[in-house]
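**Q** Take a look at this one; I'll ask things after.
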Amino acid sequence: MHVLRLAATVFAMLGGLSLVDSTRGEERSEPVVIKIRICEQWPGKKEPMVLTEPMLQTMVGGQVWIEIGKHRQPQPDTLEHPIGLKLNAKIERRVNEKYELQLKIVQGAQRQIEDDPETEIFTEEKLSVHTWAERGKMKKISISPIKWCEVTLEDPRQTAAVEQPNNAKYWRGYTAVPSTAAPELIARPPVMVQPK
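Count along the sequence shown from 1, then add 80; that gives the number in this note's numbering.
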């Protein structure tokens with residue numbers, strides 16, 4: 081009997097320790113919203129043109145990717161051309177409230193020339209960024225004299241509690257926590273009434 085009680089006590093203690101370790105791991109997991117904005121401003125223009133403005137939420141220490149769009153393969157061509165946006169992000173927490181961020185962004189487009197229907201043009205822009213950033217501060221990364229990338233890291237819990245002030249001069253960005261909810265018209269189609 082004493083051996084069974086001792087064994088039960090040891091198993092209970094080990095189970096309790098594993099639960100404590102798992103809750104510590106949950107406390108360490110930290111959500112983060114990554115806001116990216118790529119802009120271009122030609123000389124003589126008052127405001128920049130926003131080329132893309134994706135925002136995604138992930139956990140620090142994780143990797144996330146999104147693909148919005150499709151691939152297109154012209155008839156005689158054997159290569160597929162991406163159309164839309166592909167984004168791959170990896171974020172790690174480092175010292176003194178700094179985060180190491182790796183981004184890979186691919187934007188693809190297709191264009192048809194109006195007076196030449198037999199010609200298709202595919203363009204693809206790639207951007208790879210490896211940088212350090214602080215939470216709550218917008219980091220501006222120059223790509224060329226007229227093009228730049230803005231990256232902001234935020235805590236979604238703080239963003240939901242208080243609306244953050246705009247970081248950039250022409251920021252027309254985000255005021256809400258990211259959501260996967262569908263718009264009301266898509267989520268709840270109107271009910272059709274049967275005629276009497």
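We treat Cβ as the ideally placed atom computed from N, Cα and C, and that holds for glycine.
No experiment lies behind these values; they were computed from the predicted model shown.
1. From this set, PRO162, VAL186, VAL140 and ILE118, which residue's C-alpha is nearest TYR179's C-alpha?
2. Take SER208 and list the residues in its own chain whose beta-carbon comes closer than 6 Å to its own, dropping the five residues that flank it on each side.
3. Verify the contact flag: VAL231, CB atom, against every heavy atom of the ligand FAD, threshold strictly below 6 Å.
4. Spatial neighbours of SER222 within its chain, please: C-beta separation below 6 Å, excluding the five flanking residues on both sides.
5. On the three-pair Cβ rule with 8 Å, is the region 229 to 237 touching the region 201 to 216?
6. Could you give the distance in angstroms between the alpha-carbon of GLU204 and the alpha-carbon of GLU198?
7. Report the three-state DSSP secondary structure of GLN137 (helix, strand or coil).
8. So GLY188 packs on ILE163, CB below 8 Å; how close in whole Å?
9. When the Cα atoms are used, what is the spatial distance from GLU230 to LYS126?
10. Following the continuous beta strand (DSSP E) through SER208, name the residue where it begins and the one where it ends.
11. Please report the straight-line C-alpha distance between GLU194 and ARG152, rounded to a whole angstrom.
12. On a CA-only basis, which of TRP122, SER224 and ASN168 is nearest ILE116? Give me that one, please.
13. Taking the continuous beta strand (DSSP E) assigned at ARG174, which residues delimit it?
14. Since SER222 sits in a beta bridge, which residues does DSSP pair it with?
15. Quick check on PRO225: buried or exposed, where buried means 16 or more other Cβ atoms within 10 Å of its Cβ?
**A** Let me lay it out:
1. Distances from the alpha-carbon of TYR179 to those of PRO162, VAL186, VAL140 and ILE118 put VAL140 closest.
2. LYS184
3. Absent from the structure shown: the ligand FAD. Ligands present: none.
4. Within the same chain, SER222 has close Cβ partners TRP228.
5. yes
6. 20 Å
7. It is a strand residue.
8. Contact holds; Cβ gap of about 5 Å.
9. 18 Å
10. It spans 196 to 214 - the beta strand (DSSP E) in which SER208 sits, taken as one unbroken run.
11. 19 Å
12. ASN168
13. Here ARG174 belongs to no beta strand (DSSP E), and DSSP marks it neither H nor E.
14. TRP228
15. exposed
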